[in-house]
């Protein structure tokens, strides 16, 4: 700025009217500086106003985007909650149905075990070569396994074993099924 000032003064001196006195030139210089400063001030005020307008507009856009974003998040949350509620109801229905089926199976297994323990229908569960005959039971090699049993002895022994086996199977099936469907 210090280097340019003499050139400006020299340019003004050349450009000034030759009939203008030094005093008039000084007054004109002051007027030019005042006008220049007024223009700078006016431009600065306009710039500040424009900048404030841009900032306010930006905040308005941010508020609008924030409201839209919150609305979208709320809609997505509501949608997820509805779908989770539907899935929860479906799972509860499956669990209820599974428990009903397990209870029915338990009842059926209990009835079958009772029948077997009572000696009824044992011949339907165990069909081996000793039932109904006095022939000794043999292995595949033909070796005698133990003394021959009568039909009634076979029914009693097999009925007890079958009842225990069915009860164990029922408990295993129930525990596996419950672990699959959850609590």
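Residue numbers (UniProt numbering): 1 to 183. The C-beta atom is built at its ideal place from N, Cα and C for all residues, glycine as well.
Tell me where the alpha helix (DSSP H) around residue 44 begins and ends.
It spans 22-118 - the alpha helix (DSSP H) in which residue 44 sits, taken as one unbroken run.
Is residue 109 near residue 170, with beta carbons less than 8 Å apart?
yes
Item checked: As assigned by DSSP and simplified to three states, the class of residue 150 -> coil
Rounded to the nearest angstrom, how far is the Cβ of residue 102 from that of residue 177, given a contact under 8 Å? 6 Å
Between 46, 106, 63, which has its C-alpha nearest residue 168's C-alpha? 106
Distance, residue 162 Cα to residue 152 Cα: 15 Å
Query - Exposed unless 16 or more other CB atoms sit within 10 angstroms - verdict on residue 158 - result: buried
- prompt: From residue 113 to residue 164, what does the alpha carbon distance come to, in whole angstroms?
  reply: 8 Å
Exercise for the section: Please report how far the alpha carbon of residue 48 lies from the alpha carbon of residue 61, in whole angstroms. Expected result: 20 Å
- Task: With a threshold of 16 other CB atoms inside 10 Å of the CB of residue 82, please say whether the residue is buried or exposed.
- Result: exposed
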